[in-house]
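Enquirer: Residue 95 in the working numbering is what sits at position 64 of the sequence shown, and the numbering runs on without skipping anything.
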Amino acid sequence: MTLDHAQAALKKYFGYDSFRPLQADIIEAVYAGRDALVLMPTGGGKSICYQIPAVTLDGVAIVVSPLIALMKDQVEGLRANGIPAAFLNSTLTTEQVFQLENELLAGHIKLLYVSPEKLVTAGFRQLLSRLKVSLFAIDEAHCISSWGHDFRPEYTQLQFLKEQYPNTPMAALTATADRITRKDIVAQLRLSDPALFIASFDRPNIRLTVRPGQNRLGQILDFLKKHPDQSGIIYCLARKTCESLAQRLNAYGFRAAYYHAEMPPHQRSQAQEDFINDRVPIMCATIAFGMGIDKSNVRFVLHYNMPRNVESYYQEIGRCGRDGLPAEAVLFFSYADVMTYREMFERDETTPPEQKALKIDKLERMFEFAQVPVCRRKTVLAYFGETYDGNCGHCDVCLRPPQQFDGTIAAQKALSALKRVNERVGMNMLIDILRGSNRRDILERGHHQIKTYGAGKEYTFDEWAFLLSQMLHSGLIEIAYDDHNCLRVTEEGNKVLFQGKKVTLALPQPKEKASPTAREKALKAESLSGEVPGSLGENQHEELFQRLRELRRTIAVQQGVPPYVVFHDTTLQDMAVKCPLFVFDLLQVSGVGERKMERFGEAFVREIRRFALEKNPTGHKPKGISIIRTWALLDAGFSLEQIAEMRGLAPTTVAAHLAALYETGDNLDLSKWISAEALEHIQRVLPQLSEPYALSAVQELAGEQYHFDQIRFAIADYRRQRRVAATPTDNEAEEA
Ligand code: ADP
Ligand code: ZN
């Protein structure tokens, strides 16, 4: 197997022209029979790395995947592309399993998704020994490591695979793995001398924003108003928050559903289906939601609560913008979340101490990410061990850099207030004291009588929260986790308070969004116009895109599949730009493979043709449009002769149009115009001639009894079978 095979399969099944960085290298390693460890961010394109070897190599690829929803989705997507895939997990009936086994043994399945629980059963191991396995792919491989953030004990049994099948290549894939986890994956899976592939974790189309968590609902409403009709996920920590937030959003006129692990299964899957099928655009969910949801047009992920570590954060925001178009990730942080997690970790008796420490450490890093006013992208990439030169120019920090100022006086006010209440308060109360709040507990405790009460009114609550967390990170104060999370002044803090040591702090960024930068505008324009200059103006692209989306929705409903299984948004956009009038031209659209062209091509081309006829766009070649006018009349039920008369064309020109339509993929019934015998007879002489066929030369060989129209249809059919048809407008040789 060579990369040429891989490239051809990529085009044929997935409709993509080229591999993304690393994909080709990974596939080559698998072809060479090597084990591989693949680290790629969510949405980076991991699946292709084992799916292409699976379809090109002999035998069946076994894909271990932890989530049933993920399997079903992936298998559905693959089947829509014409790849024989199946899954095996606890949801199948005995009969279904039996049938699947037969198909496997007959060699009819190229990819089999298995849950780890199923994989290790004696029954499956026995079946496995009777199959020809092309490769093993271990998805979400970090689940094998107790150092990872998502440890699943059942994964640890997977080591038997390599022991039993040492010569079958194994690819372990994950979106999140630091160095220890990486090593652990290799060791536990028993990978032998694996090729290591680490893709960049950069997801430049996702804008990262962090906001203080005050008035979250208001901020979310603002956000949703600015992003109408877009699909997105709002992650909440608690089940109750999911429900109440969804309720409130609905009350404000947005369509939102909720999802959490404690809902009954049927309700859960209903909510998920509604989201996937674009019936409900907004999902308020706990982190139970989203794993394995390959919905490519999720435009935003909001974190109502802070995630517990950067890995989770990045994995969760990775669910937006999978189609590569601009997407937004907004994180609301609040100090209370940090406390909640800490308590959660502390309370958990089952976690051994060193893992507790690891969790707390990761939590601190997350908090740091939210707090430190450095380019977000740079920070997050640094976390995953990547250096990013310069700043991204795209995140909230880059767009509105916080202003540094001499914060000594502000810091002193806070430190002094803290001392005066004997370091017996937490962050929120300290801010309220500084701002002179009338909170009852402040008055009851007599904190309003201290000298610094109300001394910090020049800053809002948010601003103080921002300043205090900087003080926390620069070590002027610390949190007594073992003592009700009260704040304490540190040695460093004492120096500021008593020795006038200078502190530089940053003021929070203004809330209002600046007008879009040139870069943002450029990014937007890029996504709408694509690489190939289209024949429509930008507004028309958008209009056509919307119509294609409508059509996609209708088809999806009819066929009972999620819309993205039909085509992704990126594919529809490219289609709207390239505006192909002929079915085979659809193959030039990114994301249209042969199977999907056959299955959906005609429907989409019809829509594009109607649009072209209505809008009369410039840019299409006149001959193309002329053919389409003929098509429209044929479609309305008129005969060749009637069309010729109605259009004032020679019948032979209309015949040429029809032949061109057939040649480029329209499923016309040729028998109306040529008998099967004539077709066969004419085609028998064609191999003696060569392209471009001259009608008279064909007639000379085939016989005078065949007229030019019949010869045209015979040639069209001949070409179509060999798929040599060019766009009719490019193929001038046979002009009548
Ligand atoms: P991951 O499993 O890494 O999260 P996927 O394999 O689901 O990512 O790929 C993410 C998206 O990128 C999918 O929509 C997929 O079709 C698309 N994609 C993958 N490889 C390519 C490619 N070479 N060209 C264009 N699109 C691609
Ligand atoms: Zn930045």
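No residue lacks a Cβ here, since even glycine has one placed at the ideal position from N, Cα and C.
#1: Do the region 394 to 411 and the region 233 to 244 make contact, defined as three or more Cβ pairs closer than 8 Å?
#2: What are the start and end residues of the alpha helix (DSSP H) that includes A202?
#3: Around ligand 2, what residues have a beta-carbon under 7 Å from a heavy atom of it, in chain order?
#4: Would the region 253 to 270 and the region 336 to 345 be scored as touching if the rule is three or more Cβ pairs under 8 Å?
#5: According to DSSP, is H688 helix, strand or coil?
#6: Tell me the rounded alpha-carbon separation between G64 and P197.
#7: Could you check whether the Cβ of F400 sits closer than 6 Å to any heavy atom belonging to ligand 1?
#8: Considering only residues of the same chain and omitting the five flanking positions on each side of A445, which have a CB-CB separation below 8 Å?
#9: Short of 7 Å in beta carbon distance, which residues of its chain neighbour F642, apart from the five on each side in sequence? Order them along the chain.
#10: Where does L263 fall in DSSP's three states?
#11: Quick one: does the C-beta of T73 sit closer than 6 Å to a heavy atom of ligand 1?
#12: Report all residues from its chain with a CB closer than 7 Å to the CB of A277; omit the five preceding and five following residues, and keep chain order.
#13: Does ligand 1 have even one heavy atom less than 6 Å from the beta-carbon of D771?
#14: Could you check how far apart the C-beta atoms of H173 and I216 are, in whole angstroms? I think they sit under 8 Å.
#15: Given 6 Å as the limit, tell me if Y344 has its C-beta closer than that to any heavy atom belonging to ligand 1.
#16: Over what stretch of residues does the alpha helix (DSSP H) that includes P594 continue unbroken?
#17: Return the chain-ordered list of same chain residues with a C-beta closer than 7 Å to the C-beta of Y749, the five sequence neighbours on each side being excluded.
#18: Residues in the same chain with beta-carbon distance under 7 Å from L699, minus the five sequence neighbours each way, listed in chain order, please.
#19: Where do the N-terminal and C-terminal ends of the beta strand (DSSP E) with Q435 fall, by residue?
#20: Looking only at C-alpha atoms, which of E132, R310 and R378 sits nearest to L158?
#21: So, helix, strand or coil for S165, using DSSP?
#22: Start and end of the beta strand (DSSP E) containing R519?
#23: Report the partner residues of E509 according to the DSSP bridge assignment.
#24: Entirely within the region 439 to 514 and at least 4 residues each: give me those alpha helix (DSSP H) ranges in chain order.
#25: Kindly list the residues whose CB is nearer than 8 Å to the CB of Q434, restricted to its own chain and excluding five residues on each side of it in sequence; keep chain order.
#26: Between the alpha carbons of A92 and L192, how many angstroms are there, rounded?
#27: Provide the residue span of the beta strand (DSSP E) that contains E359, from first to last.
#28: Can you check the region 284 to 365 for any alpha helix (DSSP H) of at least 4 residues that lies completely inside it and give the ranges in chain order?
#29: Which complete alpha helix (DSSP H) runs does the region 606 to 665 hold, if anything under 4 residues is left out?
#30: Report the CB separation of A168 from V86 in whole angstroms; it is logged as a contact under 8 Å.
#31: Going by DSSP in three states, L131 sits in which element: helix, strand or coil?
#32: How about I79: is its Cβ closer than 6 Å to a heavy atom in ligand 1?
#33: Does the beta-carbon distance from P593 to N328 come in below 7 Å?
#34: With a 10 Å radius around its C-beta and 16 neighbouring C-beta atoms as the bar for buried, classify A549 as buried or exposed.
#35: Quick check: does the Cβ of G46 come within less than 6 Å of any heavy atom belonging to ligand 1?
#36: Any contact of the region 341 to 352 with the region 380 to 390, i.e. 3+ C-beta pairs under 8 Å?
Expert: Quick answer:
#1: The region 394 to 411 vs the region 233 to 244: in contact.
#2: That residue, A202, is in no alpha helix (DSSP H); its beta strand (DSSP E) goes M201 to T205.
#3: In chain order, the hits are C406, R407, R408, K409, N422, C423, G424, H425, C426, V428 and C429.
#4: Contact holds: three or more Cβ-Cβ distances are below 8 Å.
#5: DSSP places H688 within a helical segment (H, G or I) once states are collapsed to three.
#6: The straight-line gap from Cα to Cα measures roughly 11 Å.
#7: No - ligand 1 has no heavy atom lying nearer than 6 Å to the Cβ of F400.
#8: L461, L465, G487, W495, L498, L499, M502 and I508, listed in sequence order.
#9: Excluding positions up to five away in sequence, the list reads L575 and R578.
#10: It should be noted that the sequence gives Gly, not Leu, for residue 263. If DSSP states are grouped into helix, strand and coil, G263 belongs with the strands.
#11: Correct: T73 has its Cβ closer than 6 Å to ligand 1.
#12: Taken in chain order, the residues that qualify are A287, A288, Y289 and C315.
#13: The question about residue 771 has no answer, for the chain in this structure spans 32 to 767.
#14: Their Cβ separation, rounded to whole angstroms, is 7 Å, which keeps H173 and I216 in contact under 8 Å.
#15: With a cut-off of 6 Å, the C-beta of Y344 is classified as distant from ligand 1, since no heavy atom of the ligand falls inside that distance.
#16: The continuous alpha helix (DSSP H) containing P594 extends over residues P594 to V597.
#17: Setting aside the 5 residues that flank it on each side, Y749 is surrounded in the same chain by Q714 and L717, each with a C-beta closer than 7 Å to its C-beta; the list follows chain order.
#18: Closer than 7 Å at Cβ, skipping near neighbours: L689, L692 and Y693.
#19: Here the beta strand (DSSP E) through Q435 covers Q434 to D437.
#20: Closest option to L158, Cα to Cα, is E132.
#21: Here S165 carries a strand assignment [DSSP, helix/strand/coil].
#22: Here the beta strand (DSSP E) through R519 covers C517 to V520.
#23: Its beta-bridge partners are R519.
#24: Counting whole runs of 4 or more residues, the region 439 to 514 contains the alpha helix (DSSP H) stretches 439 to 451, 458 to 465, 471 to 476 and 492 to 504.
#25: Contacts found: A537 and L538.
#26: Taking the straight line joining both Cα atoms gives about 13 Å.
#27: A358 to F364 is the extent of the beta strand (DSSP E) around E359.
#28: The qualifying runs are 296 to 307 and 341 to 348.
#29: The region 606 to 665 contains, as complete alpha helix (DSSP H) runs of 4+ residues, the segments 625 to 646 (chain order).
#30: The Cβ separation is near 13 Å, so there is no contact.
#31: In the displayed model, L131 falls within a helix according to three-state DSSP.
#32: For ligand 1, at least one heavy atom lies less than 6 Å from the Cβ of I79.
#33: It is not a contact, given that the beta carbons lie outside the stated cut-off.
#34: Model confidence at A549 stands at a pLDDT of 44, short of 50, so the residue's coordinates are unreliable; what they give is reported in the following sentence. A549 comes out exposed.
#35: Incorrect: G46 has no Cβ contact closer than 6 Å to ligand 1.
#36: The region 341 to 352 makes no contact with the region 380 to 390; the number of CB pairs closer than 8 Å stays below 3.
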